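Protein chains in written order, with the numbering used here: chain V, 1 to 164; chain X, 1001 to 1164. Backbone N, C-alpha and C fix where the C-beta goes; we use that ideal spot for every residue, glycine too. Because the structure is a prediction, the values reported are computed rather than measured.
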DNA sequence: TATTGTTATACTCTATAACTATA
DNA sequence: TATAGTTATAGAGTATAACAATA
């Protein structure tokens, strides 16, 4: 039985993400989205409506930078902001139908570039990678939706250092 | 047999890489490395000595930005630059023993943060993810080492749009 | 007093163009 | 003329501090 070597996925993740951006840049630009906008729309679809603060922490960008990002998306009608009724300090952000359509269009445009990115893997392995990425990321965003903000304090107590 | 849904790993990759950076930032800073420096050292270890241009394309950063990155690494004795004998325009970059040690130290420091990042996956799944990432990235860097630069023209013809 | 969203701003990262030395 | 490395610099991305509205 061999000694388990040090397997740092950190560098590989950073590396592959960078390669991915290079490959998908053209496809995204063609649709008119930037990488973080794609991530934001994807997360809004997966988790539903969210406050700006929960969305910011969920996609790991600063809340101050999310403002401009949402301004752009909102001006294009891809997301909608409304005041939360129970706490008028909060904005509830949600994906519009146009946003969902654009997201689907982006994914179609990305499919080819992504196949090129992952040409070293066969179809089943790509499914496995997707599944693992999905579950790995899900462990960090699942409690951050707007619908759950009432349970925020309990969440923080339960999760320890998870800032959602 | 179900229709295969659109599985865009692009957003997930970008997302997880960003979460990863947030988690590993402290560990890396503690060792004194930045993310791209970690990637550069890792790739130099995997592929051996490389020219700056091949290294730049291999880790997907601009060759102009690689200069400053290598200046820092070289001033700390982590990498060494020497002129290529057969073509004095080229620099051959290689990992020093100090660089290899620092890389190992970084990986040890990262192990804990990485476990936290991937807490949604069990040990076998983490191994699978690592393996998939490694093979996915290997498909983009395998022909870019300095030892292969003699075969560069043949490589370009064979690989089509691979710019190495 | 604390929190949400916002603005202004400094800092880092990335990409483009031009220069040198070698080929 | 073309290429490898370098420099300078503009643009995009990111983080920090302060403010207004609300709790």
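Helix, strand or coil at residue i [DSSP, three-state]
i                       : result
residue 1091 of chain X : strand
residue 1080 of chain X : strand
residue 1096 of chain X : coil
residue 143 of chain V  : Only weak support exists for where residue 143 of chain V lies, its pLDDT of 43 falling under 50; the value from the coordinates is given anyway. Reduced to three states, the DSSP call for residue 143 of chain V is coil.
Cβ separation of residue i and residue j, assumed to be a contact under 8 Å, to the nearest whole Å
i                       : j                       : result
residue 136 of chain V  : residue 1028 of chain X : Not really, about 19 Å apart at Cβ, beyond 8 Å.
residue 103 of chain V  : residue 42 of chain V   : 7 Å
residue 1013 of chain X : residue 17 of chain V   : 5 Å
residue 24 of chain V   : residue 1010 of chain X : 5 Å
residue 51 of chain V   : residue 84 of chain V   : 7 Å
Partner residues on chain V for residue i, Cβ-Cβ distance less than 9 Å
i                       : result
residue 1090 of chain X : Going along chain V, no residue has its Cβ under 9 Å from residue 1090 of chain X, so there is no contact; the nearest lies around 23 Å.
residue 1016 of chain X : 13, 17, 133, 136, 137 and 140
residue 1078 of chain X : Those within 9 Å of residue 1078 of chain X in chain V number zero; the least Cβ separation is about 15 Å.
residue 1020 of chain X : 9, 10, 13, 14 and 17
residue 1025 of chain X : Within chain V, no residue comes near residue 1025 of chain X; the closest Cβ sits about 11 Å away, beyond 9 Å.
Close Cβ partners of residue i (< 6 Å) along its chain, the five nearest in sequence each way excluded
i                       : result
residue 20 of chain V   : 117
residue 1126 of chain X : 1118
residue 1091 of chain X : 1052 and 1081
residue 1007 of chain X : none
Buried/exposed call for residue i, threshold 16 Cβ in 10 Å
i                       : result
residue 1108 of chain X : exposed
residue 1082 of chain X : exposed
residue 93 of chain V   : buried
residue 60 of chain V   : buried
residue 1064 of chain X : exposed
residue 143 of chain V  : Here the model assigns residue 143 of chain V a pLDDT of 43, short of 50, so the residue's position is not dependable, and the following value carries that caveat. Its Cβ being crowded by 16 or more others within 10 Å, residue 143 of chain V is buried.
residue 62 of chain V   : exposed
residue 106 of chain V  : buried
residue 1114 of chain X : buried
residue 138 of chain V  : exposed
residue 53 of chain V   : buried
residue 1088 of chain X : exposed
residue 1026 of chain X : exposed
residue 1075 of chain X : exposed
Cut-off 7 Å between Cβ atoms - residues of its own chain near residue i, not counting five sequence neighbours on either side
i                       : result
residue 1069 of chain X : 1036, 1037 and 1040
residue 96 of chain V   : 77, 78, 79 and 80
residue 1030 of chain X : 1109
residue 123 of chain V  : none
Interface partners of residue i on chain V, CB under 7 Å
i                       : result
residue 1138 of chain X : 120
residue 1110 of chain X : 8 and 10
residue 1042 of chain X : 11
residue 1035 of chain X : 14
residue 1060 of chain X : 18, 19 and 22
residue 1114 of chain X : 8, 9 and 10
Proximal chain X residues relative to residue i, where beta-carbon distance stays under 7 Å
i                      : result
residue 125 of chain V : 1132
residue 39 of chain V  : 1011, 1014 and 1015
Interface residues of chain X facing residue i [CB-CB closer than 9 Å]
i                     : result
residue 93 of chain V : None at all; the shortest Cβ gap to chain X is about 17 Å.
Check: residue i C-beta below 6 Å from any heavy atom of the ligand MN
i                     : result
residue 82 of chain V : Looking at this structure, you won't find the ligand MN or any other ligand, since it has none at all.
8 Å Cβ cut-off: residues of chain X touching residue i
i                      : result
residue 75 of chain V  : Going along chain X, no residue has its Cβ under 8 Å from residue 75 of chain V, so there is no contact; the nearest lies around 21 Å.
residue 128 of chain V : 1128 and 1132
Contacting residues, own chain, Cβ-Cβ under 8 Å from residue i (five flanking each side not counted)
i                       : result
residue 1071 of chain X : none
residue 1131 of chain X : none
residue 55 of chain V   : 40, 43, 44, 66, 93 and 144
residue 33 of chain V   : 41, 102 and 106
residue 1112 of chain X : 1027
residue 73 of chain V   : 37, 40, 41, 79 and 99
residue 15 of chain V   : none
residue 121 of chain V  : 129
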